[in-house]
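Residue numbers (this note's numbering), protein chains in the order written: chain A, 661 to 1096; chain B, 602 to 966; chain C, 2 to 580. I have placed the structure first, in the form of C-alpha cells, so that the comments after it can refer back to it.
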Amino acid sequence: MLRSYHAVLAAVCLGLASSAMAIDKLVIVSPHRKSIQDEFIPKFKTFYADTYKTSVDVDWLDNGGTTDAVRLLRTRFDKSKTTSGIDVIWGGGTSIFIDLEQEHLLQSFQLPAALASQVPEQLSGVRLYNASKTWVATALSSFGIFYNKKVLGFEALKAPATWSDLAQPGFKNQLSLADPRHSGTAMTMVQIVLNARGWDKGWELLTQIAGNTRSFTHSSSDPIKAVIAGDAAAAMAIDFYAQPKIDELGKDNLGFVLPANETVIDPDPVAIIRGAPNRAVAQRFVAFVLSVEAQKLLILPKGAPGGPKLASLGRMAVNKQAYLDTEGKRSSAFDPFKQSAFLHMDVAANAKMVHVLSDLIGALQIDTHNELKAAWAAIIKRGLNPAEVAEFARPPVSEKEVLALCDQWHDNTLRNNKVNAWVAFAKAKYLRLAAH
Amino acid sequence: MEVTFDHVSKKYGDVLAVEDLNLKIAEGSLHFLLGPSGCGKTTTLRLLAGLESTTSGRILFGGKDVTSLPAAERGIGMVFQNYALWPHMTVAKNIDYGLGLKRLSRVQREQRLQEALELTQLTRLADRLPGQLSGGQQQRVALARALAIRPTVLLLDEPLSNLDAQLRLEMRDNISRIHRQTKITTVYVTHDQKEALSMGTEVSVLRAGRLIQSAPPRQLYHHPETPFIARFIGETNLVHATYRGDDDGHHLFECGFGHLLTKRPKQVLSPGQAVTLSFRPETISVQVDGAARPSVNPLRLVLEHLTYLGESEQLALRTSDQQILRANIFNPPEHDLQEGTVVVCNVDPEHILVLPVEHDLSSGT
Amino acid sequence: MTQSTATAAPLKAKRSNPRQMGTAIGYAVLAATLVALVLFLVLPVSTILYKAFRAQGHFSLDYFRLLFANDLQTTAIYNSLLIGVAATLLCTVLSLPLAVINARYEFPGKKLLTGLLLTPMVMPPFVGAIGFQRFFARRGSVNLLLLKLGLIDSPIEWLEGGRVFWAVVALEVLHLYPIVYLNLTAALANIDPSLEEMATTLGVPRWRQFKDIVWPLARSGYFAGAIIVFIWALTDLGTPLLVGFQETMPVRIFNMITDVNENPVGYALVCLVILITFAVYLLAKTSTRGKSYDMMSRGHVSSAVKKISAVSAAPFYLLLVATIAAALLPHISVLITSLSSKWFMTVLPEQYTLDYYKQILHTDLPLIGIKNSLLFSGSSMLIDLLLGAMIAYVVVRKLIPFAGLLDALTMVPLALPGIVLAFGYVTTYTNTILDPFTNPTALLIIAYAVRRLPYMVRSAAAGLAQTSIALEEAAATFGASRFYTLRTITVPLVSANLIAGCLLCFAYAMLDVSDSLILAMKDRYYPLTKAIYALFLEQGSGEFVASALGVVGMALLTVCILGASLMLGKKMGELFRSG
C-alpha cells in the first residue's frame, strides 16, 4: 500500500515538474500525414524555445481523415458551447474551412505585418486567406494527370496532356479515379472541369471520363498505386503525390502533366478555433507555419540545410520570400508566384455547391458506375454518335437548379428524395443506352 | 459363438498392452476378464470388438478368423463404461439407430426395439433423452442398444462401475437374467472380483498384459495358480516358505514363524525350494475356549486386533516374526479373547495351497 | 494488522456463510456486466443512431422509407447477404476437414502445419491489401508471371464483373476461416470418442457417423464460429473497399456517413444491418434450439487420435499446405514489399534493401506501438474473458429472464460499423473522465473488448452447451455456491473453448484499425496498427515503411501466439489436439 502511494506521489511530482518546465501548450487536430507532423512540430518547438524563451508541449491529434477531424470538433462543441479544448485545425482543403466558418467555429486572426507582405491575399485568382481572416493557406498543391508510360505503350496510347485526352475511347478501362465524395482532390478535379468547360460540356467530359474509369477508389492515394501497379494507365493526382513516385521509379516509367489552363492550385489552410484554450500560442503557431523558415520545409528536398529531415514534402509554399530564398535549391524549379496558367475558380461558389455536387456525382457516376460503363461501351461500339454521347452525359439538373438546391440541402428528406430520383434517372438512362 | 484368442499381442509404441494371449471363450458363457486397472482387459475387449487392431496373432469367432474384419462385420454388441449414449437421440432412437442399418422390415425393426425395451424394462422411458435418465436407466439403455441388434457376442466394458452399490447389485441380477434368457456369448470386463465370482461362468485374470489363469469362479477361488490370483480373488494369507521334505504323508515347509505341514502337493518339489503358501482367513481355526486339541499345524499367535461383525469375527494375528495373519471365525461362540494375548490356532493342512514364488507380491492389488 | 476480538467476531460471522457471499458476488458481477453493456454499447450506439429517426428536428421514419425507395440499397443488402452466405459456406467447407484432421489424426509435422493455419490471425487486413494489389493488379505479379510463362496472352481481369464478388468472398474466407476452424476443433475435442466407437461397432459408415452423431454434437461449436463469420462477412467494410465492390451494405453505409455532409440514411442502414444481424442470429438459434447436448462424461481423449504415417497423410498435407499457401500469400507479399527498393511492373522487385527496417527502428513508433497494442489487446482480452464467460453462463443456464435478448445484444458489436461505436464513445464521453481527447487508454480497451466480445461469448456458450449441468449440480450438492462452482468446475471444463475465445479476442484486437483510428488521436497512444496505418498513408516510401512495420507486427503476434501455446502447454495441446 505504502509503496504504491509513494509511486503515485512520485508520478504526481514528476508530472508537476515537467509541466513546470513546459508552461505553454498547443492542441492541433489535423488530417495531415505524419510526415508533416514530423517535420513541422520539432522545428516549431525549437523555434518556440528560442524565440519565447519557454518550451511548448504540442498535442497533435490524428483521428483519421478530414471528416473525422471535423466531426471531432463538432462533437466537442456540442458538449461545450464555449470551447472545444482544441486550438488549431490544420489541413483538409478549403471547403471544410468554409463550412466551419459558417458554423462560427473559427476565430479570426490578423497576420503580423511582416508576414502579410510575404503571403499575398490572392495567388492566380486563388484566395490564400478569406475576407474575415478566419483561415489562411499554409501550402499549395496543383492537380494533374499521372500516367504509366509502360502501360501506355502496351495499349498503344499517347501520353495524355489535357483532361479531354482522358475521355478518348482508347482509355476505356484505363483510368483510376478517387470518389469525389471522399477525396477533396477528386472533387477539385470535378470542379475544375465544370468551371473550365461550363456545366453542360463539363458533364459531357466528366461522364466520358467516368466511362473510361475502372473503379472509383475511396482514398485519393489509391489511383496513384493503381497506376504504379499497372492496373490503370492514368490517374488524376496531386503533384506532391505523383512527384516522389516519379523520382523513385524513374521518368522512363512514369509521367505527370498539369493540363494547361485547366488546373488550379489548391490552398491547404490552417485556422484557430473559436475558444481556443491557448490562443496566444496558436497565433504564434500559425505565424510560424507561414514563416519563411517553416515554408522552406515544404519546398526544399530532404537533407538540404533548412529543409525537411526525414522526407521531401514536395508541396508548394505560400510565402513568396521562401521561393526567393531557395532559388536553385528546391526539389522542383516550379514557382507558383511566377505562373499565370492557372484556372480562376470561384472558391466560395464551389464551396456552396460542393454538397449537392458530391451527391449528384455519386448518383450519376459512382453508385451507378456499372451501368454507366455498360452504356459507354455500347456507345463506343456504335461509333460515338454525338447525340448519344450528349444524352449519355446530360445531367438531370441545370447549374441553376443545383444552386437553388444548395440552400435546402440540409433537409435530409428532400436531399434523399432527390438522390433517389437521380439514381433512378441515371440507371434508367444508362440501361436504355446500353440496350440500344 | 465360441471366441478364440490365438497368440494375440497388442503393442502401443513400445508398450505391450496385451502379450501373447491364448484363450477360448465357450459359446453361451458369461466370461469375465478380470484384473486391476491397466492390466490390458479393456484393450483385450477392444481387440475383440475390432476397435483396435492386433499387432500379432489371430482372433476367431466360431472358427472364423475375424482378425482383420472391421467391427461392424463381427456381429458384436458393446456396452461402454460410460455407456456412450448419443445425447441427442431418445432412448428409442438410440436403440433403433443400429437396427436401421440392418436389412430389416419396418415390422421387424419395431419388434426388435420393443423386445429390447422390454428385456431391459425401459418401455415407459422410450421417448426420454439420455440426459433425463438416472445412471441405472442409462446403463440399461446401453445394454438394450447392444442387445437389440442380436449380437453373436456381447461385450461389456465395466458396465456397472459408474453405479452406486445398491444399483450395482440390482444390475448384476439384471445382466445375469438377460444372459440366461438370451444365451448370448458375453465377455464382461471388470476390476471387481465380486462381480466376476457372482456372475461369471468362467473368469480370466489378467495382469500386466498377460493372462494369468482362466477358470470357473470356484476353481479360481479354491485353486489359484499364483499368489497374485489368490490375493486378488478373495482374501488370503501369503507366507514365504521353504520346502524341507516329506513327513508322514505331509509336505513339510519351514517359514519365518515355524513349520507348516500341507497335503496334496500339486507340483513336484525339491528340498530347499522356495514357495509361497496361501491359506484363506476362514481356514485358520482359533481355539477360543483355550482347551488344547491335537492339531497338525498348531500356531501360537498374538491377537493384534479383533473386529466383531455379528455373524462373524475378523482377527488380525501377529506371528513371532511380526507377520500379520488374518482369520475369520464364522458363527463364533461367546468367548473372552483379549487383544494382546496369545491365542492358539490351527491351520488345516488340507487348505494350505503351495504356490510358486512371485517376484513382487505387493503389486497388482 | 492487529487483530482485536472486536474485529474478529464479524469476520467469523461472514466466513460462516461463504455460500451466500459467493452468490452475492456473482450477482454483483452479473449486474456490473449488464451496466457495462449499457454504458459501453447501448448508450454510445444510440447517441449516434438516433439520427436515423430524426428529420427536421422531429421523430420520423422517412429515412427508412427513402432507404427502400432506392434500389441501390436493396441491391447492396442482397449482395451483402450473398457474400455472408457464400463466405460462411466456403469457410465451413474448408474448416471442417481441417478441424477433423486436427482433432482426429496425428502425423509428422502436424504441429507446425496446424499452427501455420492460424496465420490469417497475425495480419491486419489492410496490410495484406498492400500485397494484394501488387499481386492481382492487371499487370501485377500474377498476370506478369502468367504472361511470361506464356499461359495467357492478355492480362486476366481479376476484379472485373462477377469476379469482384468472388474476390471479396475468397478474401473473407482466407481471413475468417480460423474462427470456424478453432471453434469446430474445440467442439470436436469435446465429443466423447466412445460415441463414435459405439456406432462403429454397429457398422455405421464413417460418413453417417459424422452426419448422425458427430455433427449434431459439434453443431453448437460450429454455430459459434459460423455465425461470427456470417455477420462479419455481411458487415465487413475493408475487403469490398479494397477490391472496389461498391454495392454492399457496409460500403454504402461508409459512403453515406463519412461524406463530409453526412447522410442520415446511412444511420438508417446501420439500424437495418443491426436488425438483420439480430434476425439472422435469432433465426439460426431457433433452428438449432434444443439441439445442443451436453457430454455426460468424456472418454480418454487419446484414443480418438489416430496415428498415421506421412505417406498415408498425403491428402492431409495437400489440403493443409494449399490452405496455408493461400493464407500466407498476403504475408509473403508484405514481406517482399518491405524489402523491395525498386518494384515496378515486374514479377518480383528488381532490387532489395533493408533501409525501411532501419528507418522504423530509428523512431520510437514500433516500441510505443508494441507496448500499446499489448496493453490494449491484453487488457481487453481479460475483460472479454470475464464478461464473455459470465454472459455465456447466464445465457446458457438462463439465469435471468430474456437471456436470449442479452445473447443477441452481445452480437450487435459485430454488426456495427467501426466508426459508429468509436464516434458513439467520443460523443458520449467527451468532457468526462473517459474523454479520449485526454487519454484514450480506457476507452480503447473498452472498445476493443466490446467489439470482440461476441467471439468470447460464442466460444464460451458453445463449451457450456456441451458441458452437463449435472457436473455443476454435483458440486452444488457439496454446498458449493453457484459462482464457486462456476470457477472451480465449469470454467476448467470449458477451458478449451475459453482459450479459443481468448486467442480470437487477443489476435483480432491486435489487428484493430477502426477504433484505434478514431480514438487513439495522439501518437503516444498509437497501437501498432494505427502506427502502420499512419505510415501507410504517407506518400513516397509510405507503403514500404508500413510493410516493414507490418512485418514487425506480424512477428509480434506470432511470438504472442507461440508464447501462449508454450505457456498453456497441455491446454493448448488439448485445444489443437496435436500434442
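Even glycine gets a Cβ: it sits at the ideal position worked out from N, Cα and C.
Cβ of residue i within 8 angstroms of any chain A Cβ
i, result
"Tyr-485/C", "no"
"Ala-56/C", "yes"
"Met-250/C", "no"
"Ala-70/C", "yes"
"Ser-579/C", "Confidence at Ser-579/C is low in this model, with a pLDDT of 28, below 50, so the placement of that residue is unreliable and no value is reported for it."
"Asn-432/C", "yes"
"Ile-519/C", "yes"
"Glu-539/C", "yes"
"Lys-343/C", "yes"
"Asp-260/C", "yes"
CA-to-CA distance, residue j to residue i, given in whole angstroms
i, j, result
"Arg-1127/A", "His-842/A", "Only positions 661 to 1096 of chain A appear in the structure, and residue 1127/A is not among them; the question remains open."
"Ile-953/B", "His-632/B", "28 angstroms"
"Ala-797/B", "Arg-741/B", "19 angstroms"
"Thr-742/A", "Val-128/C", "41 angstroms"
"Leu-520/C", "Gly-988/A", "43 angstroms"
"Ser-964/B", "Ala-743/B", "Because Ser-964/B sits at a pLDDT of 39, beneath the cut-off of 50, its placement in the model cannot be relied upon, and the following sentence gives the value as read from the coordinates. When rounded, the distance between both Cα atoms is 34 angstroms."
"Lys-818/A", "Val-811/A", "10 angstroms"
"Ile-325/C", "Leu-118/C", "6 angstroms"
"Gly-835/B", "Thr-753/B", "32 angstroms"
"Ala-893/A", "Leu-383/C", "50 angstroms"
"Phe-948/A", "Val-941/A", "10 angstroms"
"His-878/A", "Thr-845/A", "12 angstroms"
Within-8 angstroms CB hit, residue i to chain C
i, result
"Arg-693/A", "yes"
"Asn-683/B", "yes"
"Glu-914/B", "no"
"Ala-889/A", "yes"
"Val-811/A", "yes"
"Gly-846/B", "no"
"Gly-871/A", "no"
"Trp-823/A", "no"
"Trp-720/A", "yes"
Proximity test, Cβ basis, 8 angstroms: residue i and chain B
i, result
"Gly-464/C", "no"
"Leu-203/C", "yes"
"Pro-217/C", "yes"
"Asp-436/C", "no"
Residue i: CB within 7 angstroms of a non-hydrogen atom of the ligand FAD
i, result
"Ser-836/A", "As far as ligands go, the structure on display features none, and thus does not contain the ligand FAD."
CB-CB length for residue i against residue j, believed under 8 angstroms
i, j, result
"Phe-54/C", "Ser-47/C", "About 10 angstroms; that fails the 8 angstroms criterion."
"Val-924/A", "Val-786/A", "6 angstroms"
"Leu-918/B", "Leu-926/B", "5 angstroms"
"Pro-919/A", "Ala-821/A", "7 angstroms"
Exercise. May I ask you to verify whether the segment 942-956 of chain A touches the segment 964-982 of chain A, counting CB pairs closer than 8 angstroms and requiring at least 3?
Key: Enough Cβ pairs lie closer than 8 angstroms, so yes.
Quiz prompt | Meets three-Cβ-pair contact criterion under 8 angstroms: the segment 774-784 of chain B and the segment 804-820 of chain B | solution = Flag = no, the segment 774-784 of chain B and the segment 804-820 of chain B do not touch.
Quiz item: For the segment 430-449 of chain C against the segment 60-67 of chain C, are there 3 or more C-beta pairs whose distance is under 8 angstroms?
Solution: Taking 8 angstroms as the limit for Cβ pairs, the verdict is that the segment 60-67 of chain C does not touch the segment 430-449 of chain C.
Quiz prompt | Touching by the beta-carbon criterion (3+ pairs, under 8 angstroms), the segment 775-789 of chain A and the segment 715-735 of chain A | solution = The segment 775-789 of chain A vs the segment 715-735 of chain A: no contact.
Quiz item: Does the segment 880-890 of chain A touch the segment 849-859 of chain A, meaning 3 or more C-beta pairs lie closer than 8 angstroms?
Solution: Because the criterion of three Cβ pairs below 8 angstroms is not met, the segment 849-859 of chain A and the segment 880-890 of chain A do not touch.
Exercise. Quick one: which unbroken beta strand (DSSP E) runs of 3-plus residues sit fully inside the segment 779-817 of chain A? Chain order, please.
Key: Segments of the beta strand (DSSP E) lying fully in the segment 779-817 of chain A: 795-808.
Exercise. Output the residue ranges of the alpha helix (DSSP H) runs that lie fully inside the segment 254-290 of chain C and measure 4 residues or longer, sorted by chain position.
Key: Correct list: 266-288.
Quiz prompt | Sufficient close CB pairs (3 or more, under 8 angstroms) joining the segment 545-562 of chain C to the segment 422-429 of chain C | solution = Note that the segment 545-562 of chain C does not touch the segment 422-429 of chain C; fewer than 3 beta-carbon pairs, one per stretch, sit closer than 8 angstroms.
Quiz item: Any chance the segment 746-763 of chain A sits against the segment 446-463 of chain C, with 3 or more Cβ pairs inside 8 angstroms?
Solution: No, because fewer than three Cβ pairs between the segment 746-763 of chain A and the segment 446-463 of chain C fall closer than 8 angstroms, the two stretches do not touch.
Practice problem: Count the CB pairs spanning the segment 171-179 of chain C and the segment 637-651 of chain B that are closer than 8 angstroms, and state whether there are at least three. | Solution: Contact between the segment 171-179 of chain C and the segment 637-651 of chain B is absent, because fewer than three Cβ pairs lie under 8 angstroms.
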